[in-house]
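Residue numbers (this note's numbering): 17 to 389. In this text, a Cβ means the ideal position worked out from N, Cα and C, and glycines have one as well.
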Ligand SMILES: Cc1ncc(COP(=O)(O)O)c(C=O)c1O
């Protein structure tokens with residue numbers, strides 16, 4: 017299967033499975049901003065290259081200064097590292113939960129990070145019939161059942177839903193530590209009102225993790241950060257490997273934050289394009305759920321299996337994410353990135369033929385698994 021390492025965007029596996037070169041795919045299985053990277057990123061990379069024989073700033077001061085201005089939090093409340101994945105891992109190592117509650121379906125790395133920290137997870141069930149909203153009562157029940165920490169996506173991956181105020185208050189009231197992963201929140205025009213960074217900077221036990229790889233389309237560089245009370249940031253620093261954010265990533269990240277036009281363009285593009293794509297998916301008989309992120313969770317029509325559809329599209333050079341590896345979903349769901357109009361049109365026509373080809377086939381496509389081995 018395409019998600020053999022647990023994630024979308026795996027072009028090497030796609031190439032082995034579908035017999036095409038890695039750059040011969042349109043990738044809807046990972047969720048990058050299709051307008052990125054920002055124009056200044058290349059020059060920033062070359063500037064950093066000229067200083068590649070020196071260590072990067074061990075305290076990432078230039079980037080933390082810009083982040084401090086962006087979010088209105090002190091620099092001491094920010095830690096910069098090698099992607100949100102590292103920030104999540106370190107937050108959980110700092111917390112050392114016995115039992116951490118995580119949304120199901122949710123991002124698989126939360127569970128891995130909890131396990132790295134010596135704990136185990138307990139699911140907070142999200143229900144399709146409730147639009148996958150997280151109910152505050154689920155959190156209260158998990159805490160009553162022994163969960164001492166909560167890890168939540170805001171918005172959640174793969175559902176694209178942000179947290180309600182009641183769920184946030186329930187988590188903060190019931191558990192000694194809360195990690196809120198805002199990896200995709202910069203795609204929301206309501207980011208300012210929704211973000212918990214300012215609260216995290218003042219609240220011991222609340223950790224907000226952020227990614228710069230999705231909005232600025234630099235996953236190959238790796239860059240993310242964490243916002244927490246300065247005492248918590250000090251603890252994170254003591255657990256981290258030095259220089260985990262490299263010099264090129266730091267320089268590109270600063271240039272990306274300076275590009276206000278890039279951010280404005282992305283925010284103007286996403287809501288109408290997502291609405292357009294959702295409507296077209298619905299007209300193919302699919303059921304996309306409302307999303308505040310740059311991806312859509314989609315329920316397939318009766319009789320279509322995600323794995324078979326993924327294989328049919330993959331052979332034609334279009335990658336989609338099967339949601340079968342997300343707990344609580346299974347073969348009836350896929351996740352799709354929102355991309356540029358011409359790419360979205362290619363997706364729609366591939367889906368139309370893929371649905372016709374796979375409808376009613378209940379067995380997994382044998383060649384996909386066979387070629388993966
Ligand atoms: C919800 C979520 N959080 C965090 C990450 C990790 O992001 P980064 O590339 O910054 O490590 C991902 C990556 O897919 C993600 O989907």
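May I have the straight-line CA-CA distance separating residue i from residue j, to the nearest angstrom?
i, j, result
"residue 75", "residue 239", "14 Å"
"residue 333", "residue 41", "4 Å"
"residue 156", "residue 165", "11 Å"
"residue 336", "residue 65", "35 Å"
"residue 148", "residue 122", "11 Å"
"residue 244", "residue 193", "11 Å"
"residue 252", "residue 109", "8 Å"
"residue 268", "residue 233", "11 Å"
"residue 331", "residue 152", "43 Å"
"residue 355", "residue 256", "35 Å"
"residue 30", "residue 329", "11 Å"
"residue 391", "residue 78", "Because the chain is modelled from 17 through 389, residue 391 falls outside the range shown and cannot be assessed."
"residue 362", "residue 80", "40 Å"
"residue 294", "residue 45", "16 Å"
"residue 307", "residue 351", "11 Å"
"residue 172", "residue 161", "23 Å"
"residue 339", "residue 182", "27 Å"
"residue 372", "residue 311", "23 Å"
"residue 384", "residue 21", "Here the model assigns residue 384 a pLDDT of 41, short of 50, so the residue's position is not dependable, and the following value carries that caveat. So the alpha carbons of these two residues sit roughly 15 Å apart."
"residue 47", "residue 359", "13 Å"
"residue 259", "residue 57", "20 Å"
Mapping the DSSP letters down to three states, classify residue i as helix, strand or coil.
i, result
"residue 304", "strand"
"residue 166", "strand"
"residue 69", "coil"
"residue 39", "coil"
"residue 126", "helix"
"residue 312", "strand"
"residue 375", "coil"
"residue 193", "strand"
"residue 296", "helix"
"residue 23", "coil"
"residue 278", "helix"
"residue 343", "coil"
DSSP has residue i in a bridge; who is on the other side?
i, result
"residue 290", "DSSP, once it has assigned bridges, lists no residue as partnering residue 290."
"residue 95", "242"
"residue 139", "118"
"residue 338", "350"
Would you say the beta carbon of residue i is closer than 8 Å to some non-hydrogen atom of ligand 2?
i, result
"residue 240", "Of the ligands this structure carries, namely ligand 1, none is ligand 2."
Hey, which unbroken runs of the alpha helix (DSSP H) at 4 residues or more fall wholly within the segment 196-274? 207-210, 213-218, 246-255 and 263-274
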